[in-house]
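Heads up, the thing below is written out as structure tokens.
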Amino acid sequence: MTIRISAPSSANRGDVIELKAMIQHDMESGYRRDQYGRPITRDILKYFECHYNGEIVFRAELFPGIAANPFLSFYTTATESGTLLFRWIDQNGQTWEEQALLEVT
Amino acid sequence: MLSRLKISSAKANAMKLLIALIVFGTSLSALGQVQSQFYDKPDLDRSLVRSGTDFLTESTRQMQKDSFGNPGLLWVDQGKALFEDDTSTVSCDSCHEDRLTGVFAKYPKHDVELNKLTNIEGQINQCRTQHQALQPLKYESTTLLSLTAYIASQSRGMPYSVTVDGGVKEYFDRGREYFFTRRGQLNLACTQCHDDNWGRMLRGDRVSQGHSNAYPAYRLEWQTMGSLHRRIADCDVGVRAAPFASGSPEYLELELYLAWRSANLPIESPGVRR
Chain A
4 MTIRISAPSS ANRGDVIELK AMIQHDMESG YRRDQYGRPI TRDILKYFEC
54 HYNGEIVFRA ELFPGIAANP FLSFYTTATE SGTLLFRWID QNGQTWEEQA
104 LLEVT
Chain B
2 MLSRLKISSA KANAMKLLIA LIVFGTSLSA LGQVQSQFYD KPDLDRSLVR
52 SGTDFLTEST RQMQKDSFGN PGLLWVDQGK ALFEDDTSTV SCDSCHEDRL
102 TGVFAKYPKH DVELNKLTNI EGQINQCRTQ HQALQPLKYE STTLLSLTAY
152 IASQSRGMPY SVTVDGGVKE YFDRGREYFF TRRGQLNLAC TQCHDDNWGR
202 MLRGDRVSQG HSNAYPAYRL EWQTMGSLHR RIADCDVGVR AAPFASGSPE
252 YLELELYLAW RSANLPIESP GVRR
């Protein structure tokens, strides 16, 4: 599962920073059928969370109508130096994570 | 009242016939125009060659341009990791220190050892079996697509520079023949859409000139990355012809012809297409 994160490595205190996160995932809706007419089992990511030093600053719930390889872009305020943790949780509870370090001056 | 209605319906019918005749006449003259083989002429005005990007909607074009959000970059990232992976065998970059910059632009080419036309996918598999003691990868597998996408991205912005003469001439000629041969229940050749009718609407889509410079590309219809051969197979299915297998000699030859045909266009892989 390849993950792409875009986050600034440093920011001034109080700055509004843009964060982007993209993950490679089929987001199989469960409504499609294969070439033999058999239903393809649903396999989707259900939740996305962004933790800033342990606190959730952005959260999203994903549904079968969302396209493959979901790309989310959002903003937060730089308050203190620390870690940004991006986490995806699929319908079975499996998780994928990626971290980014942010230095606030 | 009734007679007036009749007259007006007769008028309407006459009008319809007239419109039909005009439409028919226009399409006849369009067919009559010998605009075809247009990319094939040695004295071709290269400014007329336009990348498939020009035929996309603005939002799709922006998606391709986005240096972070282009979804094809997920495969490029993965390909880069695979290129450097030395856990089970010698890694690709231990031999290819230059990271194969510009190499994608020279393929497909004749492989002397195998004595056949080979594209990047074939070359990757040959390296795997000969130098890395690994199993060859299946066409359209995520691993092969990722490696191909990474190597292609290392030639981004460069034009194709394939050789089409000498020992390769026979492949090239067959590839060209494929492009000009009518096939399928619709009895259409590639040239009829991509030389004669580019820029026109085909259902909801604008017909491109059929250049290969964006592949492997992320297609919104597929919701994933796919090879040029998969794209060609889609066109074949579109005209209701039985497609060839990915990696087949027929598609390799066509790939060579297409690479030559879009010669001055920069390689855009990973492209985003509808």
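First to last, the sequence lines map onto chains A and B.
For the first sequence, position 21 matches number 24 in the numbering used here, and the numbering has no gaps at all.
For the second sequence, position 40 matches number 41 in the numbering used here, and the numbering has no gaps at all.
Just so it is clear, CB atoms sit at the ideal spot from N, CA and C, and this is done for glycine as well.
Residue of the options minimising C-alpha distance to residue i
| i | options | result |
| --- | --- | --- |
| L187 of chain B | B:N116, B:A242 and B:G200 | B:A242 |
| S270 of chain B | B:T149, B:S95 and B:T144 | B:T149 |
| T130 of chain B | B:Y151, B:V104, B:T90 and B:Y161 | B:T90 |
| C53 of chain A | A:R7, A:G96, A:T108 and A:W91 | A:W91 |
| I69 of chain A | A:G33, A:F89 and A:I59 | A:G33 |
| K81 of chain B | B:F56, B:C93 and B:N265 | B:C93 |
| A218 of chain B | B:R62, B:T102 and B:N116 | B:R62 |
| R62 of chain A | A:I43, A:R7 and A:F89 | A:F89 |
| V273 of chain B | B:R232, B:I125 and B:P250 | B:R232 |
| T143 of chain B | B:Q124, B:K66, B:F245 and B:S228 | B:S228 |
| D93 of chain A | A:R41, A:T108, A:P67 and A:I8 | A:P67 |
| D86 of chain B | B:I121, B:Q133 and B:Q65 | B:Q133 |
| G176 of chain B | B:G123, B:D197, B:K110 and B:M226 | B:K110 |
| W76 of chain B | B:S48, B:V238, B:T225 and B:L115 | B:T225 |
| I59 of chain A | A:L87, A:P42, A:R35 and A:T44 | A:L87 |
| M64 of chain B | B:R220, B:D237 and B:D235 | B:R220 |
| V50 of chain B | B:E222, B:H212, B:W223 and B:V238 | B:H212 |
| G73 of chain B | B:I121, B:L101 and B:A153 | B:A153 |
Opposing strand residues paired with residue i [DSSP bridges]
| i | result |
| --- | --- |
| E64 of chain A | A:Y50 |
| Q102 of chain A | A:L88 |
| S9 of chain A | A:K23 |
| E58 of chain A | A:Y55 |
| M202 of chain B | B:R207 |
| A218 of chain B | B:G227 and B:G272 |
| P267 of chain B | B:P160 |
| R262 of chain B | DSSP output for R262 of chain B lists no bridge partner at all. |
| R16 of chain A | Paired residue(s): none; R16 of chain A is not in a bridge. |
| E31 of chain A | A:D46 |
| D93 of chain A | A:L48 |
| S76 of chain A | A:K23 |
| L187 of chain B | For L187 of chain B, which the question treats as bridged, DSSP gives no partner whatsoever. |
| T119 of chain B | B:K110 |
| R36 of chain A | A:P42 |
| I107 of chain A | It should be noted that the sequence gives Val, not Ile, for residue 107 of chain A. Bridge partners of V107 of chain A: A:A14. |
Per-residue burial, residue i [other beta carbons within 10 Å of its own, 16 or more giving buried]
| i | result |
| --- | --- |
| Q136 of chain B | exposed |
| E318 of chain B | It is not possible to answer for residue 318 of chain B, since the shown part of chain B is limited to 2 through 275. |
| Q102 of chain A | exposed |
| C96 of chain B | exposed |
| Q97 of chain A | exposed |
| R16 of chain A | exposed |
| L1 of chain B | With chain B running from 2 to 275 in the structure shown, residue 1 of chain B is simply not present. |
| M202 of chain B | exposed |
| Q38 of chain A | exposed |
| R204 of chain B | exposed |
| D99 of chain B | exposed |
| L145 of chain B | buried |
| N95 of chain A | exposed |
| I43 of chain A | exposed |
Neighbouring residues, chain A, relative to residue i (Cβ below 8 Å)
| i | result |
| --- | --- |
| F69 of chain B | R7, S9, K23 and M25 |
| Q79 of chain B | T5 and Q27 |
Same chain, Cβ closer than 8 Å to residue i, neighbours up to 5 away in sequence not counted
| i | result |
| --- | --- |
| S28 of chain B | With a pLDDT of only 43 at S28 of chain B, under the threshold of 50, the placement of this residue in the model should not be trusted; the figure read from the coordinates follows. Nothing listed; no residue qualifies. |
| I20 of chain A | A10, P11, A14, Y78, T79, T80, A81 and L105 |
| L65 of chain A | M30, I47, L48, K49, Y50, F51 and P73 |
| V240 of chain B | R184, G185, Q186, L187, N188 and L189 |
| W261 of chain B | Y161, V163, V165 and F173 |
| V113 of chain B | none |
| L118 of chain B | P109, K110, H111, D112, V169, Y172, P250, L253, E254 and L257 |
| N214 of chain B | S52, G53, Y161, S263, L266, P267, I268, E269, S270 and G272 |
| A21 of chain B | Bear in mind that a pLDDT of 48 at A21 of chain B, under 50, signals an unreliable position, so the model cannot answer this. |
Chain-ordered neighbours of residue i on chain B, where CB pairs are closer than 7 Å
| i | result |
| --- | --- |
| A71 of chain A | Q224 and T225 |
Contacts that residue i makes with chain B (C-beta to C-beta distance below 8 Å)
| i | result |
| --- | --- |
| F74 of chain A | G70 and P72 |
Contact list for residue i against chain A, beta-carbon separation under 7 Å
| i | result |
| --- | --- |
| L75 of chain B | T5, R7, M25, Q27 and N72 |
Cut-off 6 Å between Cβ atoms - residues of its own chain near residue i, not counting five sequence neighbours on either side
| i | result |
| --- | --- |
| S76 of chain A | K23 |
| W99 of chain A | M4 and W91 |
| G158 of chain B | P267 |
| F56 of chain B | R207 and S209 |
| Q79 of chain B | S147 |
| G248 of chain B | Y140 |
| F245 of chain B | E251 and Y252 |
| F25 of chain B | Residue confidence for F25 of chain B is low, a pLDDT of 42 falling below 50, so the modelled location carries little weight; the figure read from the coordinates is stated next. Once the five neighbours on either side are set aside, F25 of chain B has no close Cβ partner at all. |
Contact set for residue i: own chain, Cβ-Cβ below 7 Å, skip 5 residues either direction
| i | result |
| --- | --- |
| G103 of chain B | S156 and M159 |
| W199 of chain B | V208, S209 and Q210 |
| Q27 of chain A | M4, T5 and N72 |
| N120 of chain B | Y108, P109, L253 and E256 |
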